[in-house]
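Chains as they are written, first to last, in the working numbering: chain A, 1429 to 1538; chain B, 256 to 373.
Below is the structure:
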């Protein structure tokens, strides 16, 4: 199916563990983005990518790593999860002068 | 630096009543402005955007917004609320001079939850 998909939908982990959130889009959009959503903060940009092998930091990049070896995939890794990274994470791709969002990953760090 | 303020974290209206969600922005240059809607347990979807000279912008589902430069505002309205409009609404701003990221590298407001009563 065409679209943008995120996995897993829900994830529970412990502090200090590495976690990778997956994002896949089928449109071959060049630009992709990772946002986190927290109550009272709206959405904040973590990282974005203009194309394969081109990534850049957003507003809140600390503690996160991204890669983009293929245009369609844009995984987000928390190298050593902290409680402050408990959040809902949204991946999005840019096309037709707008963002297309995935359904999100709800991450809890215990 | 850009910022967005949405006045009122919760707005409640009756079905058939006017919907007004307020958004004010701060930007050093004329920005692009967006309204996105989020239904429960879903990602966001674009309602409408302002990118050019037309200050009154019409979007999907009967929503519209007016860009007022003098007031640095971009309020969202709908003449008659429907039960299906219940959702969280986000105002967002971007730098129109940011090249390829002008439509994706957004600064969001805190969101306004709209409740519609029968």
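Each residue gets a CB set at the ideal place from its N, CA and C atoms; glycine is no exception.
Note that this is a predicted model, so its numbers are computed, not measured.
Please list the partners that residue 276/B has in chain A, where partner means a Cβ-to-Cβ separation under 9 Å.
For the purposes of this step, residue 276/B is taken as residue 21 along the second chain, with counting starting at 1. The premise fails here: residue 276/B is roughly 13 Å from chain A at the closest Cβ pair, so nothing lies under 9 Å.
Using a Cβ cut-off of 9 Å, pull out every chain B residue sitting near residue 1530/A, in sequence order please.
In the first chain, residue 1530/A corresponds to position 102, counting from 1. The contacting residues are 298.
Along the chain, where does the beta strand (DSSP E) that runs through residue 1467/A open and close?
In the first chain, residue 1467/A corresponds to position 39, counting from 1. No beta strand (DSSP E) contains residue 1467/A, which DSSP labels as neither H nor E.
Below 8 Å CB to CB, which residues in the same chain sit around residue 1476/A once its five sequence neighbours on both sides are set aside?
As a working mapping, residue 1476/A is identified with position 48 in the first chain. Cβ within range, chain order: 1459, 1460, 1461, 1462, 1483, 1484 and 1486.
Quick one: list the residues of chain B neighbouring residue 1546/A, beta-carbon separation under 7 Å, in chain order.
The structure shown does not extend to residue 1546/A, since chain A is modelled only from 1429 through 1538, so no value can be given for it.
At least one CB of chain B closer than 9 Å to the CB of residue 1526/A: is that the case?
Translated into the one-based positions of the first chain, residue 1526/A becomes position 98. Flagged as an interface residue toward chain B: residue 1526/A, by a C-beta distance shorter than 9 Å.
Classify residue 1467/A: buried if its beta carbon has 16 or more other beta carbons within 10 angstroms, exposed otherwise.
Counted from its first residue, the first chain places residue 1467/A at position 39. Exposed, because fewer than 16 other Cβ atoms sit within 10 Å of the Cβ of residue 1467/A.
Quick one: list the residues of chain A neighbouring residue 345/B, beta-carbon separation under 9 Å, in chain order.
Walking along the second chain from the start, residue 345/B turns up at place 90. Within 9 Å Cβ-Cβ: 1470 and 1471.
Is there a Cβ of chain A sitting closer than 9 Å to that of residue 370/B, yes or no?
Here residue 370/B refers to the residue found at position 115 of the second chain. For residue 370/B, the answer is no, since every Cβ of chain A falls outside 9 Å of its Cβ.
Would you identify the three-state DSSP class for residue 293/B, choosing helix, strand or coil?
Mapped onto the second chain, residue 293/B falls at position 38. In the structure shown, residue 293/B sits in a strand (DSSP, three-state: E or B).
Mind the definition here: the stretch 307-326 of chain B touches the stretch 1438-1445 of chain A only if three or more C-beta pairs lie below 8 Å; say whether that holds.
no
Output the residue ranges of the beta strand (DSSP E) runs that lie fully inside the stretch 1506-1531 of chain A and measure 3 residues or longer, sorted by chain position.
1515-1523 and 1526-1529
Would you check if the distance between the CB atom of residue 264/B and the CB atom of residue 336/B is smaller than 9 Å?
Counting from 1 along the second chain, the entry for residue 264/B is found at position 9. Counting from 1 along the second chain, the entry for residue 336/B is found at position 81. No, the Cβ-Cβ distance between residue 264/B and residue 336/B is not below 9 Å.
By how many angstroms is the C-alpha of residue 260/B removed from the C-alpha of residue 1503/A?
Taking the first residue of the first chain as 1, we reach residue 1503/A at position 75. Taking the first residue of the second chain as 1, we reach residue 260/B at position 5. Each residue's Cα considered, the two are about 31 Å apart.
Compute the Euclidean distance between the alpha carbons of residue 1525/A and residue 1435/A, then round it to the nearest angstrom.
Numbered from 1 along the first chain, position 97 holds the residue referred to as residue 1525/A. Numbered from 1 along the first chain, position 7 holds the residue referred to as residue 1435/A. Distance between the alpha carbons of residue 1525/A and residue 1435/A is about 25 Å.
Is residue 1484/A helix, strand or coil by DSSP?
The count along the first chain starts at 1 and reaches residue 1484/A at position 56. Residue 1484/A: strand per DSSP, three-state reduction.
Taking Cβ positions, are residue 1457/A and residue 1433/A nearer each other than 9 Å?
Locating residue 1457/A in the first chain gives position 29, where the first residue counts as 1. Locating residue 1433/A in the first chain gives position 5, where the first residue counts as 1. It is not a contact, given that the beta carbons lie outside the stated cut-off.
Check the Cβ-Cβ distances between residue 306/B and every residue of chain A, and say whether any is below 9 Å.
As a first step, residue 306/B is located in the second chain; it is residue number 51 there, counting from the start. Yes - at least one Cβ of chain A is within 9 Å of the one on residue 306/B.
Mind listing which residues of the stretch 1472-1490 of chain A have their C-beta closer than 7 Å to chain B's C-betas, in chain order?
1473, 1476 and 1478
Alpha carbon to alpha carbon, how far is residue 294/B from residue 369/B? Give it in angstroms, no decimals.
Reading the second chain from its first residue, position 114 is the one you call residue 369/B. Reading the second chain from its first residue, position 39 is the one you call residue 294/B. For residue 369/B and residue 294/B, the distance between alpha carbons rounds to 10 Å.
Any contact between the stretch 346-365 of chain B and the stretch 275-287 of chain B? By contact I mean 3 or more CB pairs, one from each, below 8 Å.
Yes, the stretch 346-365 of chain B touches the stretch 275-287 of chain B.
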